[in-house]
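Number of protein chains: 2
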Amino acid sequence: MSKKATATWRMTDALAAKLLSFEGKVRVRRFAEGEQLYRQDDVSTCFYFVKSGLVQVSIFRRDGTEVVLENMGPNALCGEGAAFDGLPRFSTAVAIEPTEALEFDTARIEPLLRADPELALAMLRLTSLKQRILALRLEHLVSNDPEDRILELLRRLSQMFAIDHERGRKIITHLTHEQIASMTGTSRVTVTRTMGRLREKGMLSSEDGFTILANNAET
Amino acid sequence: MSKKATATWRMTDALAAKLLSFEGKVRVRRFAEGEQLYRQDDVSTCFYFVKSGLVQVSIFRRDGTEVVLENMGPNALCGEGAAFDGLPRFSTAVAIEPTEALEFDTARIEPLLRADPELALAMLRLTSLKQRILALRLEHLVSNDPEDRILELLRRLSQMFAIDHERGRKIITHLTHEQIASMTGTSRVTVTRTMGRLREKGMLSSEDGFTILANNAET
DNA sequence: ACCCGGCCGTATCCGGCGATACAGCGCGTC
DNA sequence: GACGCGCTGTATCGCCGGATACGGCCGGGT
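Note that the protein sequences, when read in sequence, are chains A and B.
All the letters of the first sequence, read from the start, carry residue numbers 38 to 256 under the working numbering.
All the letters of the second sequence, read from the start, carry residue numbers 38 to 256 under the working numbering.
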């Protein structure tokens with residue numbers, strides 16, 4: 038699908054280190070490109086810490102459309118939602134690059150939590166972060182203004198992956214308009230239109246394929 | 038604002054029992070109607086288990102509009118998101134009825150987790166459930182079809198609060214069209230229009246003020 | 001009985017998004 | 001170099017949701 042890194046999520050290094058410290062105590066699994074880590078509606082108690090590679094997490098709606106939740110790159114966790122509450126998975130995770138991941142099993146996690154209470158805290162911090170991200174996405178999705186929806190995504194990416202630049206923050210991750218569309222619930226055409234408008238307003242520019250979000254576009 | 042119970046969220050009894058067992062070990066706080074438990078942008082490490090009363094959790098957008106996340110009734114938890122990740126609160130919680138709540142403090146929770154690993158599991162199950170609910174709301178919010186958005190809300194309420202009825206599931210919680218609008222990101226008028234359409238299609242009916250969701254409206 | 005405020009229903013109008021179609025463009029492949 | 005494919009930029013059109021306005025209904029308060 039792509040050879041560029043296009044992750045849209047990652048955690049702080051401290052949390053990642055905590056989870057990585059379990060290497061050796063849990064299974065390491067490798068997934069080929071196109072292989073699924075888990076599939077919507079399945080029941081499973083496993084969740085995954087991505088060591089390397091890239092995993093796309095999305096929800097397939099009944100009408101066939103796909104909502105991309107995140108692209109999980111190195112140091113991201115996925116699948117813990119359904120692993121803990123025991124209900125069928127609400128999303129599908131597919132490796133879109135060869136991926137190496139630690140596989141945790143909630144059915145066997147209680148001893149780990151008992152032995153290492155910090156793990157519990159780390160997990161709680163992490164799920165809390167996800168909750169925050171989801172809530173913020175919700176906040177902007179209720180708006181039907183595509184400008185709003187798209188800016189929210191760009192700001193998030195800017196916080197996670199951007200580097201400073203004279204014109205703002207340069208976002209070192211490339212998403213096609215179509216991917217942005219499926220993450221923001223708009224059409225591909227509208228993404229193009231809207232980003233054009235933002236460019237005219239001076240809130241956006243680009244350089245060698247990357248998007249630069251002007252600082253005045255924050256908030 | 039209302040004297041009817043209008044909760045939109047609750048957890049399983051097992052989880053509630055676990056949290057209730059900490060009564061005595063943590064502070065109990067009472068909030069008057071209209072009083073805030075916490076406010077957007079504040080930094081705090083506390084979260085709350087609602088024992089009785091009703092708490093509205095919402096996000097105020099920069100343009101002044103309010104997005105209602107949930108109405109937390111008895112046996113609901115709120116505020117744990119920002120309490121664990123340490124960032125400013127992303128939502129505001131207001132008691133819309135006199136409310137009694139247990140106040141947990143994440144800064145003092147490590148000993149509790151250490152002493153009782155089941156608490157960690159319970160919290161993780163709970164945040165996972167919230168993650169699921171948020172993700173499902175997201176799934177339907179990306180759709181711009183108000184029918185889709187509103188049905189998702191009704192189905193959720195139906196699972197949480199409804200009782201069986203000859204015409205489907207009777208939802209024992211009353212929301213005004215305006216509240217539904219602010220939870221689904223549509224306008225009040227559209228809620229009226231859409232619910233009228235659903236009624237015509239036979240997916241909805243009502244009885245003494247409560248909404249009945251026909252069983253064929255599931256899925 | 002009267003008024004008033006909140007909520008529901010409905011009409012009109014306008015703007016903008018989705019669907020669709022097509023044209024240029026960069027890039028990799030053969 | 002020629003081709004093809006995927007991505008971006010635009011145009012047109014139809015539709016539908018938001019804004020706004022207004023009327024009816026019900027319930028509570030005085």
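Where is the CB? At the ideal position from N, CA and C, for every residue including glycine.
Candidates the options: which alpha carbon is nearest residue i's?
i	options	result
A/L56	A/R225, A/S219 and A/L150	A/L150
A/G222	B/K167, B/G110 and B/E176	B/E176
A/N253	A/G246, A/D245, A/R236 and A/I209	A/R236
A/R147	B/A159, B/E137, B/A144 and B/T143	Looking at the sequence provided, one finds Glu at residue 147 of chain A rather than Arg. Closest by alpha carbon: B/A159.
B/G118	B/A138, B/F68 and B/L171	B/L171
B/N112	B/G101, B/R47 and B/R67	B/R47
B/R126	B/T102, B/F86 and B/S95	B/S95
B/F68	B/R76, B/A53, B/T136 and B/A54	B/T136
A/L161	B/G123, B/L190 and B/D182	B/G123
A/F84	A/S128, A/A44 and A/R225	A/S128
B/L106	A/R225, A/S165, A/V179 and A/L163	A/V179
A/T102	B/H202, B/V80 and B/N181	B/N181
A/D100	B/D185, B/R76 and B/G61	B/D185
A/M220	A/R230, A/H211 and A/L190	A/L190
B/G116	B/D201, B/I200 and B/V80	B/V80
A/F86	A/I200, A/S58, A/K238 and A/F97	A/S58
A/L250	A/R234, A/H202, A/R230 and A/R76	A/H202
In the DSSP assignment, what are the bridge partners of residue i?
i	result
A/E107	A/V94
B/S243	B/T248
A/D142	A/C83
A/G205	A/H202
A/L191	Per DSSP, none; premise fails for A/L191.
A/T136	A/F68
A/L114	A/F86
A/Q168	Its beta-bridge partners do not exist; DSSP assigns none.
B/V63	B/E60
B/V131	B/Q73 and B/Q93
State buried or exposed for residue i, treating a residue as buried only when at least 16 other CB atoms are found within 10 Å of its CB.
i	result
B/D50	exposed
A/M38	Note that A/M38 scores 35 on pLDDT, short of 50, meaning its location in the model is unreliable; the coordinates nonetheless yield the value given after this. Exposed: under 16 other Cβ atoms inside 10 Å.
A/T248	buried
A/K40	With a pLDDT of 40 at A/K40, under the threshold of 50, the modelled position of that residue is not reliable, and the figure given next carries that caveat. So A/K40 counts as exposed.
B/I208	buried
B/T143	buried
A/T213	exposed
B/Q168	buried
A/R192	buried
A/Q93	buried
A/V228	buried
B/Q216	buried
B/R174	buried
B/A218	buried
A/A152	exposed
B/I133	buried
B/E244	exposed
A/R206	buried
B/V226	exposed
A/V104	buried
Since residue i and residue j are thought to touch, with beta carbons under 8 Å apart, how far apart are those beta carbons, to the nearest angstrom?
i	j	result
A/F121	A/V63	About 16 Å; that fails the 8 Å criterion.
A/V260	A/G71	Residue 260 of chain A lies beyond the range of chain A shown here (38 to 256); nothing can be said about it.
B/A88	B/L156	Looking at the sequence provided, one finds Lys at residue 88 of chain B rather than Ala. Not a contact, Cβ separation roughly 17 Å.
A/A54	A/G110	Between A/G110 and A/A54 the Cβ distance is about 16 Å, and since that is not below 8 Å, they are no contact.
B/M232	B/I187	7 Å
A/T164	B/S165	7 Å
Quick check: is any heavy atom of the ligand ADP less than 8 Å from the C-beta of residue i?
i	result
B/M160	The model on display carries no ligand, and the ligand ADP is accordingly not part of it.
Beta carbons nearer than 9 Å to chain B: which residues of the segment 107-121 of chain A have them? Correct list: E117, G118, A119, A120 and F121.
Selection of the segment 160-179 of chain B by Cβ proximity to chain A, strictly under 7 Å: Contact residues of the segment 160-179 of chain B toward chain A are M160, L161, R162, T164, S165, L166, K167, Q168, R169, L171, A172, L173, R174, L175, E176, L178 and V179 (C-beta to C-beta distance below 7 Å).
For the segment 136-150 of chain B, which residues have a beta carbon sitting closer than 7 Å to at least one beta carbon of chain A? Across the segment 136-150 of chain B, CB contacts with chain A closer than 7 Å involve E147 and L150, in sequence order along the chain.
Using a Cβ-Cβ cutoff of 9 Å, what residues of the segment 241-254 of chain B are near chain A? List them in chain order. Going along the segment 241-254 of chain B in chain order, one finds no residue with a Cβ nearer than 9 Å to chain A.
Name, going along the chain, the residues of the segment 187-209 of chain A whose beta-carbon falls closer than 7 Å to a beta-carbon of chain B. Contact annotation: in the segment 187-209 of chain A, no residue has its CB less than 7 Å from a CB in chain B.
Residues within the segment 48-66 of chain A neighbouring chain B, beta-carbon criterion of under 7 Å: Taking 7 Å as the Cβ-Cβ cut-off against chain B, none of the residues of the segment 48-66 of chain A qualify.
Contacting positions in the segment 212-224 of chain A - beta carbon closer than 7 Å to chain B: Those would be G222, in chain order.
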